[in-house]
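Encoded as structure tokens, the structure appears first; notes follow it.
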Amino acid sequence: MFDAYKAATSMILQIMRCGLMALCDHTFRPYLSLKYYNLIMSTHYKLVLGVAAILLATSCQKKEKEAMQATLSGQALNAFRHLPKYPQQTITIDLKDQVPRAPQVDSADYLRQLHEAQQMSGDPLQPLPVGTLGYVNPIKELINWDAGSYSWQFEANEHVVYSDYEDQIYPGALIKGNSVANFAFNPVIGYTPKPIKVSVSLPAPASKVAATINAPSYTSMVQTVNNVLLNSALSGGGASKFNFNTKEFTYYDELKEFFASSVNTNAIFFNTSSSGTTNIRKISKRTGLMAKFIQKNFTIDMDIPKAGELIDLNVDQQILGNYAPVYVSSVTYGRLGIITVESDADFEQLNQAFKKAFGILGIVNGTNTLTQDEINLINAADIKVYLVGGDGAKAVQTINGYQNFLQYLGGGQTFTPQTPGVPISFSLRYLSDHSACKAQFQVNYGPISRTYARFEYRNQTYPMKWGYAPEQNGVIVGTMPDLYADVHLAFYQDASCTMPVKAYNFVKYNYQLHTLTIEIIPAPVSGGVTNTYDKGTRQNDQKGTSIYMGNILINSLDEHVTSKGVVTERTKIYRTYSLLPGEGYIIVNNP
């Protein structure tokens, strides 16, 4: 830059000097002495040099600034990349007296929702979540058998809009970086907002669903949504999409998973502020079921901001704080329900009955018929519903019976510009690098202990095979009977196998099936003995005291006999199930 400056200055100076000399020679030289002529020339030369330097320096600064702005205009806003992120805080839920429960994920629903998420996602900066969209997703299982501890780590890519901060949630809202961990979501104030670009996830041309919000605010979000809906092909209304999840629970503290925050669930469901470990609410009946459904109408998504968007680059750093702020990058409109059910029925019965009820509501696919026993089960259950959107207020309602349940949660399967739904969840990104800001959870179960396990052959039967007697034409005799048995992988608390126990459903039991085949007739060429080993893994998905492997042929004598009773082939088969070493169980030899 300095060399260019020197060269340009020299060139301009020469041009102006030559012009000045010509002018002075023509105008002043005939009338002035040589002394005064040289003085005038020296003064004008210095003046020209100063003016040239000022003009050139101003021009260089302008060009440099324009070049920098041109470079930044095509890139994501990165002026705040120096700000550190607030240290990640993990929300811990302790269920130390509870039997561990592996996360239950319906694979069909998971694949469907993941495919939907892939189609709807156009954001290369945020990879798809590990689990279902809009829920707390299982990330890592932590087991320490020696210490007797079992935990699951989760993360949430979306947060529920709660009444305490609902007016602060809109695309482009800046949140203090140190207020996310405690879910206070304190806004950044005192800065000059810049325009942002947004789009609404509706099936319409981009020109119909994209918009620029000049000054991000809650009001501008509502206005943008209304304008897009009125001008789109869905001005007459559109159909909603549903996500649904159920899970067994014992403590109301576990509902933090569904809220994706450390919100005080005691205060929400029981109107009490008690949050100490001695006052954590526990279900009063045998079984607890918690369910969450998201009726997703559409999302309003913000583009990754570029320089000149979202926030003024000259903002006072003290306004932002010591940590990188986060901004709301997406808001989901629709309806959301978090439901708790207490019942004296077992979880499988309870889960099946309520899935059918949600099927009638159109929230899940499936049968629309309940048995009278299932209706009675729902009528006898204690049901509480936290509903956001629709006709429900953001407060917990107690539901009395099956018909009341359908009436309260029914409707709302479509949306219109007049009834678009309400903001029910939102996503965040860091201002520093635009990566997703997620909530981290850890649920601690236990204590856990290894179970004793062995294979057992139950209900053994010995069906007789009948055939022609050797060398006795027409004589029918019985051969050595086969052995069939119901094979069970059985679990016990003690090494003597006298106290059956329901094994954990997350333990993987490694086993081997050894098949010994002995060929007797015709005479084998090389011993006639064949060994095959088939290995596998089973888990106690049904949560019983044993795993049923099937009614298996254990021993057999296979003979081919001619009509004259001549044995042409004779083969013996022996099958043996055995456990292989693994984590979480102790192998007991069969008696």
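When the letters of the sequence shown are read in order and numbered with this note's numbering, they come out as residues 42 to 632. For every residue, glycine included, the Cβ atom is placed at its ideal position computed from N, Cα and C.
- A Cβ-Cβ separation of about 6 Å places V369 in contact with I210 under the 8 Å criterion.
- Under the three-state reduction of DSSP output, A332 falls in the strand class.
- E497 places its beta carbon less than 9 Å from that of H529.
- Between P541 and T586 the beta-carbon gap is near 4 Å, inside 8 Å, which marks them as a contact.
- Taking L411 as the centre and dropping the five residues before and after it, the same chain places the C-beta of K397 closer than 6 Å to its C-beta, in chain order.
- In the three-state reduction of the DSSP assignment, D414 falls in the helix class, which pools H, G and I.
- C-alpha of V426 to C-alpha of V266: approximately 28 Å in a straight line.
- Annotated as proximal: E196 and K479, with beta-carbon spacing under 9 Å.
- The beta carbon of A256 is closer than 7 Å to those of P234 in its chain, skipping five residues each way along the sequence.
- In the structure shown, E298 falls within a helical segment according to DSSP collapsed to helix, strand and coil.
- Assignment of alpha helix (DSSP H) within the segment 221 to 298, counting only whole runs of 4 or more residues, yields 247 to 250 and 259 to 272 in chain order.
- Three or more Cβ pairs closer than 8 Å define a contact, and the segment 234 to 245 falls short of that threshold against the segment 457 to 474.
- Rounded to the nearest angstrom, the gap between the Cα atoms of N500 and I561 is 29 Å.
- In this structure, DSSP gives K326 a state outside helix and strand, which the three-state scheme calls coil.
- Contact check for T340 against S371 passes: the beta carbons are separated by less than 9 Å.
- Here the alpha carbon of Q583 sits roughly 35 Å from the alpha carbon of K613.
- Counting along the chain, no beta strand (DSSP E) covers A117, and no H or E run does either.
- According to the DSSP secondary-structure assignment, K347 is paired through a beta bridge with A117.
- N420 sits in a helix when the DSSP states are folded into three classes.
- Taking C-beta separations shorter than 6 Å and ignoring five residues to either side along the sequence, the partners of L124 in its chain run A365 and S473, following chain order.
- With a contact defined as Cβ atoms closer than 8 Å, L554 and N572 miss out at about 11 Å.
- Counting along the chain, L447 sits inside the alpha helix (DSSP H) bounded by residues Y443 to L450.
- Counting the other CB atoms within 10 Å of its CB gives Y589 a total below 16, which places it among the exposed residues.
- Residue burial annotation: I309 is buried, with at least 16 other C-beta atoms found within 10 angstroms of its C-beta.
- Out of Q483, F395, G231 and Q580, the CA that lies nearest to the CA of E295 is found in Q483.
- By the beta-carbon neighbour count (other beta carbons within 10 angstroms, threshold 16), R122 is exposed.
- About 6 Å separates the beta carbons of F547 and P141, which is inside the 8 Å limit, making them a contact pair.
- Rounded to the nearest angstrom, the Cβ distance from L118 to V229 is 15 Å, too far for a contact under 8 Å.
- Shown here for N551: same chain residues with a beta carbon closer than 6 Å to its own, the five before and five after excluded, namely T578, L621 and G623 in chain order.
- Under a 10 Å Cβ-count criterion, D205 is classified as exposed, with fewer than 16 other Cβ atoms of the shown protein chains found around its own Cβ.
- Your pair F388 and E298 does not check out as a contact, with CB atoms roughly 17 Å apart and the cut at 8 Å.
- Counting only the Cα atoms, N307 lies some 29 Å from Y545.
- Here the C-alpha atom of A214 lies approximately 25 Å from the C-alpha atom of G378.
- Rounded to the nearest whole angstrom, the C-alpha separation of G400 and G452 is 13 Å.
- In this structure, the beta-carbon distance from Y259 to D187 does not fall below 9 Å.
- Contact annotation, E383 with K347: C-beta distance approximately 52 Å; criterion of less than 8 Å not satisfied.
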